[in-house]
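The opening position of the sequence shown corresponds to residue 170 in our numbering, with each subsequent residue numbered one higher.
We put the beta carbon where it would ideally sit given N, CA and C, even for glycine.
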Amino acid sequence: MASLRQSILRLQNTLLWRCEDERIYAAVRIGFALVAFANLILLWPDRLVFLSNRGLVDQGVTMAHHPWIYLSVFQWIENPAGVTSFLIFSGFSMLLLALGILPRTAALVVFLWHLSFVARAPVVVTGWDQVLQAFSFLVLISPMGRAWSLVSCWRPMVVAMVPRYGLTLMRLQVAVIYLQTVLLKLGSPYWRNGEFMTYYLLSHNSRRPGNWVLPYEGPLGLVTFVALLAECAIPFLLFAGRTRFWGFLLGFLLHGGISLVSRNLEMFFATMLMTYLAFLRDGDVEKIGQWFRSKPVPE
């Protein structure tokens, strides 16, 4: 019994309390804040349609879909001026988070924004909105550090080693996203029989829908199965130190390919690539810096 307890404590220490380079957290913080800001800019023109009391869905209807608890600042901020002001405040907080200025407070505001938006406008919430919502909470509870912040630009600081629990939770979240996606897709007969990509490229979701797809039904069936295998393999590749590069590359090709053939999914591409920053390891920052420094400067 004592040996089992010791094993559990060692595993807990390995997963949660072993220290890693704080610059990995900084990379996630900056990447997350910039993607969240870009997503807010994308939403800006339709903010009143989605979030105000003059919008698409009445708040009472939205609250009825949350029988247990409805968490949204838009429960109190309903008028157009209030909605606009809160979006400006949230966007400003995202920029502060990227710069590392009052990062914990800024992260709290950004988390409240994602929590409120997802609760208030479920009709228009996308997959990447939900990923950003999850990461907004994980960034909030993670060590912030001072690396790569505005303060560190004029006050040089020694890079600190901080507990890895936040990175572990982020990595597990990414694995859950991919594996849950695979399980959901396996429930569809069109994914199981390989017809999904053919129907997808014929639909309005495709950049170039049309009958040109029909002669390629066979190859597209193969693409359907390859996409499923890729989504299943990516989290395992990312977790293993020797295969992380191949996980990054496979994820880039998968989501880049999805963006190329789909309408308006560039933000999904950027969001998923942002999550890969959590899989950086000690020494990666130096290696990347050395690679850039080794490049000749054009004259």
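Inter-residue spacing [alpha-carbon to alpha-carbon] between residue 328 and residue 334: Residue mapping note: residue 328 aligns to position 159 of the sequence shown, counting from 1. Residue mapping note: residue 334 aligns to position 165 of the sequence shown, counting from 1. Near 18 Å, if we compare the C-alpha coordinates of residue 334 and residue 328.
Beta-ladder partner(s) of residue 188, from DSSP: For the purposes of this step, residue 188 is taken as the residue at position 19 of the sequence shown. In the DSSP output, where bridge partners are listed per residue, residue 188 has 332.
Any 3 or more C-beta pairs closer than 8 Å across the stretch 440-450 and the stretch 410-418: yes
Rank 325, 313, 321 and 319 by C-alpha distance to the C-alpha of residue 332 and give the top, closest one. Position 163 of the sequence shown holds residue 332. Considering only alpha carbons, the answer is 313.
Note down the Cα distance separating residue 304 from residue 349, rounded to an integer number of angstroms. Taking the sequence shown and counting its residues from 1, one reaches residue 304 at position 135. Taking the sequence shown and counting its residues from 1, one reaches residue 349 at position 180. If I take the Cα positions, the gap works out to 17 Å.
From the DSSP output, read off the bridge partner residues of residue 375. In the sequence shown, counting from the first residue as 1, residue 375 sits at position 206. 431, per the DSSP bridge assignment.
Any chain C beta carbon closer than 8 Å to residue 399: Of the protein chains in the structure, only one exists, and it is not chain C.
Considering only the alpha carbon of each residue, which of 356, 194, 396 and 267 lies closest to residue 426? The residue you call residue 426 lines up with position 257 of the sequence shown. For residue 426, the nearest C-alpha among the options comes from 396.
Give me the Cα-Cα distance between residue 297 and residue 384, rounded to the nearest whole angstrom. Locating residue 297 in the sequence shown gives position 128, where the first residue counts as 1. Locating residue 384 in the sequence shown gives position 215, where the first residue counts as 1. Taking the straight line from one Cα to the other gives about 32 Å.
So, with DSSP's three-state summary, where would you put residue 215? Here residue 215 corresponds to residue number 46 of the sequence shown, with the count starting at 1. Helix.
Cβ contact (3+ pairs, closer than 8 Å) linking the stretch 270-278 and the stretch 404-412: no
Nearest to residue 402 (by Cα), restricted to the options 346, 388, 437 and 430: As a working mapping, residue 402 is identified with position 233 in the sequence shown. Comparing Cα-Cα distances from residue 402 to each of 346, 388, 437 and 430, the minimum goes to 346.
Can you name, in chain order, every residue of its own chain whose Cβ lies under 8 Å from the Cβ of residue 217, other than the five neighbours on each side? Looking up residue 217 in the sequence shown gives position 48. Here the set comprises 223, 224, 249, 252 and 253.
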